[in-house]
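Colleague: Before I ask anything, let me first share the structure, which is written out below as structure tokens.
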Amino acid sequence: MAYRADLDAHARPPENLRILFKKIQKASPEDLALDEAILDFENPSSVDLHASPSNVGWDLDNLRQAIGHFLNNEALSSGPRPSIYEAKALPGLLIYPGLLSSPVQAALLDKLLHRDLANPEHLTNVHLFHEMIYPEDTRADAIDKTATLNSFFAMNSSTLLEPKDPAIHKPMSIAQMMRRKLRWMTLGGQYDWTNKVYPDEEPPSFPVDIADLLKAFFPTVDAQAAIVNLYTPGDTLSVHRDVSEECDRGLISVSIGCDALFMVGNEDDSSVATIRLRSGDAILMTGSSRYAWHAVPKVLGATCPASLSEWPHTPVEPAYQQWRGWMQTKRINLNVRQMKQV
């Protein structure tokens, strides 16, 4: 699909999509499990009804090498042969169930929420109203700054971030920030949420290791900007569409942690798909679905996989003990896009 400069980033979404959003938001987990309109890859009849296998090809050798490099290992002798499906209702909406293995998911969490969150170049919603204080690793053996305790999870959780305007906002502790207040972080191009544009100045570099991994999975997209959304059950993302990029390359969405309901509707809302996304699943919105309306009306609690439920705690790093189980109530969504044609 060609780049659409005519689309308005501030446009109001179709009313039918807003109604569906509210319906899913209010539905119980039990009702959602019985809803035959939801594409659920753990329900074979649902898959047959709503999706078709895609014939997108893979360079498996390159994929194995990229995963091995991302995990700081040698190239894997064997690796995934991911399944890809296309939503029947929305051509171009590709779903990759279980794309990322548990080790890759954990490594991605480490890079995003230890390393990248601690980089002052990557802005967050907390920056808007509070003065940030960043972690510092004071250990004598802290040589590799990509793999040390230079992390908000290693800070004193009672440390306060002072408000920029004390008449409006109160001080915020690191504990408050990490448990609920931190909602998003930007990588690469720093998106202006108010004006819905990318700034003209040169953006910070996109994390190379994450970009290389994504390129192996999604070779048609150059990772230039990303928004990392952090959800807790009860949080939502309203109906919107991504139209600020100056090219039509696909949108990548990767889910880690708790399950979520993801809804997508075409421009005139004549076709809608609702998908239950689990940890490790990915979406690629391409073709006629590139500019589709989409939303997250519900995050489901008590669904984080056991392999991630203790994160960031590890047996070899006692500094994270106070945060043990943090991921049990979180969904991390990495949304990646190409801003401009290369």
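Note that UniProt numbering numbers the sequence shown so that position 284 is 284, with each residue one more than the last. C-beta atoms are modelled at their ideal positions from N, C-alpha and C, and glycine is treated no differently.
Suppose only complete runs of 3+ residues qualify. What are the beta strand (DSSP E) ranges in the UniProt domain "Fe2OG dioxygenase" (222-340), listed by chain order?
Modeller: Runs of the beta strand (DSSP E) lying entirely within the UniProt domain "Fe2OG dioxygenase" (222-340), each at least 3 residues long, are 225-231, 237-240, 251-257, 260-265, 272-277, 282-285, 293-299, 331-337 in chain order.
Colleague: To the nearest angstrom, how far is it from the Cα of Gly325 to the Cα of His313?
Modeller: One-based indexing of the sequence shown puts residue 325 at position 325. One-based indexing of the sequence shown puts residue 313 at position 313. So the alpha carbons of these two residues sit roughly 7 Å apart.
Colleague: If contact is defined by three or more beta carbon pairs under 8 Å, each pair taking one atom from either stretch, is the region 93-113 in contact with the region 297-309?
Modeller: yes
Colleague: Decide if Asn195 is buried, meaning its Cβ has at least 16 other Cβ atoms within 10 Å, or exposed.
Modeller: In the sequence shown, the residue the question calls residue 195 occupies position 195. Exposed.
Colleague: When we look at the beta-carbon of Ile168 and count the other beta-carbons within 10 Å, is it buried (16 or more) or exposed?
Modeller: As a position in the sequence shown, residue 168 is number 168, starting the count at 1. Result: exposed.
Colleague: Going straight from the alpha carbon of Gln338 to that of Ser205, what length do you get?
Modeller: Position 338 of the sequence shown, counted from the start, is the residue given in the question as residue 338. Position 205 of the sequence shown, counted from the start, is the residue given in the question as residue 205. Each residue's alpha carbon lies about 13 Å from the other.
Colleague: Looking at Leu230: is its Cβ nearer than 7 Å to the Cβ of Arg183?
Modeller: Within the sequence shown, the letter at position 230 stands for residue 230. Within the sequence shown, the letter at position 183 stands for residue 183. Their beta carbons are under 7 Å apart, which means Leu230 touches Arg183 by this criterion.
Colleague: Smallest Cα separation from Ile283: which of Leu60, Arg64, Ile95, Ala11?
Modeller: Numbered from its first residue, the sequence shown carries residue 283 at position 283. Ranking Leu60, Arg64, Ile95, Ala11 by Cα distance to Ile283 puts Ile95 first.
Colleague: Let me know the secondary structure DSSP gives Ser28 once reduced to three states.
Modeller: Counted from its first residue, the sequence shown places residue 28 at position 28. Under the three-state reduction of DSSP output, Ser28 falls in the coil class, being neither helix nor strand.
Colleague: On the three-state DSSP scale, how would you describe His127?
Modeller: By 1-based counting over the sequence shown, the position of residue 127 is 127. If DSSP states are grouped into helix, strand and coil, His127 belongs with the helices.
Colleague: Would you say Arg241 and Tyr191 are within 7 Å of each other, going by their C-beta atoms?
Modeller: Here residue 241 refers to the residue found at position 241 when the sequence shown is read from its first residue. Here residue 191 refers to the residue found at position 191 when the sequence shown is read from its first residue. In this structure, Tyr191 does not lie closer than 7 Å to Arg241 by Cβ.
Colleague: For Leu261 versus Lys298, is the C-beta spacing smaller than 7 Å?
Modeller: Position 261 of the sequence shown, counted from the first residue, corresponds to residue 261. Position 298 of the sequence shown, counted from the first residue, corresponds to residue 298. Going by C-beta atoms, Leu261 is nearer than 7 Å to Lys298.
Colleague: Work out the CA separation of Pro207 and Thr186 for me, nearest whole Å.
Modeller: Here the question's residue 186 lines up with position 186 in the sequence shown. Here the question's residue 207 lines up with position 207 in the sequence shown. In a straight line, the C-alpha of Thr186 is about 11 Å away from that of Pro207.
Colleague: State yes or no: is the C-beta of Ser288 within less than 7 Å of the C-beta of Gly92?
Modeller: Numbered from its first residue, the sequence shown carries residue 288 at position 288. Numbered from its first residue, the sequence shown carries residue 92 at position 92. Yes, the Cβ-Cβ distance between Ser288 and Gly92 is below 7 Å.
Colleague: Closer than 7 Å by C-beta to Ala51: which residues in its own chain qualify, once you throw out the five before and the five after it? Chain order, please.
Modeller: One-based indexing of the sequence shown puts residue 51 at position 51. Same-chain partners within the cutoff: Leu39, Tyr85, Glu86, Ala87, Lys88, Ile95.
Colleague: Check this for me: beta carbons of Asn150 and Pro135, under 7 Å apart or not?
Modeller: Translated into the one-based positions of the sequence shown, residue 150 becomes position 150. Translated into the one-based positions of the sequence shown, residue 135 becomes position 135. Against a cut-off of 7 Å, the Cβ pair of Pro135 and Asn150 comes out as a contact.
Colleague: Considering only residues of the same chain and omitting the five flanking positions on each side of Lys170, which have a CB-CB separation below 7 Å?
Modeller: Position 170 of the sequence shown, counted from the first residue, corresponds to residue 170. Only Pro163 meet the Cβ criterion.
Colleague: When the Cα atoms are used, what is the spatial distance from Ser255 to His294?
Modeller: Numbered from its first residue, the sequence shown carries residue 255 at position 255. Numbered from its first residue, the sequence shown carries residue 294 at position 294. Approximately 15 Å between the Cα atoms of the pair.
Colleague: Leu166 and Asp281 look like a contact to me (Cβ under 8 Å); what is the Cβ gap, rounded to whole Å?
Modeller: By 1-based counting over the sequence shown, the position of residue 166 is 166. By 1-based counting over the sequence shown, the position of residue 281 is 281. Correcting the residue type first, residue 166 is Pro in the shown sequence and not Leu. So it is not a contact: roughly 42 Å between Cβ atoms.
Colleague: Determine the contact status of Leu300 and Asp259, defining contact as a CB-CB distance below 7 Å.
Modeller: Here residue 300 corresponds to residue number 300 of the sequence shown, with the count starting at 1. Here residue 259 corresponds to residue number 259 of the sequence shown, with the count starting at 1. Yes; because the gap between Cβ atoms is below 7 Å, this pair is in contact.
Colleague: Beta strand (DSSP E) containing Pro53: first to last residue?
Modeller: Looking up residue 53 in the sequence shown gives position 53. It spans 51-53 - the beta strand (DSSP E) in which Pro53 sits, taken as one unbroken run.
Colleague: Shortest alpha-carbon distance to Ser173 belongs to which of Gly189, Met155, Gly188?
Modeller: One-based indexing of the sequence shown puts residue 173 at position 173. Measuring from the Cα of Ser173, the nearest candidate turns out to be Met155.
Colleague: Under three-state DSSP, which class holds Val47?
Modeller: As a working mapping, residue 47 is identified with position 47 in the sequence shown. Note: Val47 maps to helix in three-state DSSP.
Colleague: Is the beta carbon of Gly257 less than 7 Å from the beta carbon of Met327?
Modeller: As a working note, residue 257 is residue 257 in the sequence shown. As a working note, residue 327 is residue 327 in the sequence shown. Closer than 7 Å, so yes.
Colleague: Are the beta-carbon atoms of Pro120 and Leu99 separated by less than 7 Å?
Modeller: For the purposes of this step, residue 120 is taken as residue 120 along the sequence shown, with counting starting at 1. For the purposes of this step, residue 99 is taken as residue 99 along the sequence shown, with counting starting at 1. No; because the gap between Cβ atoms is not below 7 Å, this pair is not in contact.
Colleague: Could you give the DSSP three-state label for Ala107: helix, strand or coil?
Modeller: For the purposes of this step, residue 107 is taken as residue 107 along the sequence shown, with counting starting at 1. Ala107 falls in the helix class under three-state DSSP.
Colleague: For Leu237 versus Val296, is the C-beta spacing smaller than 7 Å?
Modeller: The residue labelled residue 237 in the question sits at position 237 within the sequence shown. The residue labelled residue 296 in the question sits at position 296 within the sequence shown. Yes, the pair counts as a contact, with Cβ atoms nearer than the cut-off.
Colleague: Check for me: the beta strand (DSSP E) holding Leu93 runs from which residue to which?
Modeller: For this step, residue 93 is matched to residue 93 along the sequence shown. It spans 93-96 - the beta strand (DSSP E) in which Leu93 sits, taken as one unbroken run.
Colleague: Hey, could you find the ends of the beta strand (DSSP E) Ala87 is sitting in?
Modeller: Taking the first residue of the sequence shown as 1, we reach residue 87 at position 87. It spans 85-87 - the beta strand (DSSP E) in which Ala87 sits, taken as one unbroken run.
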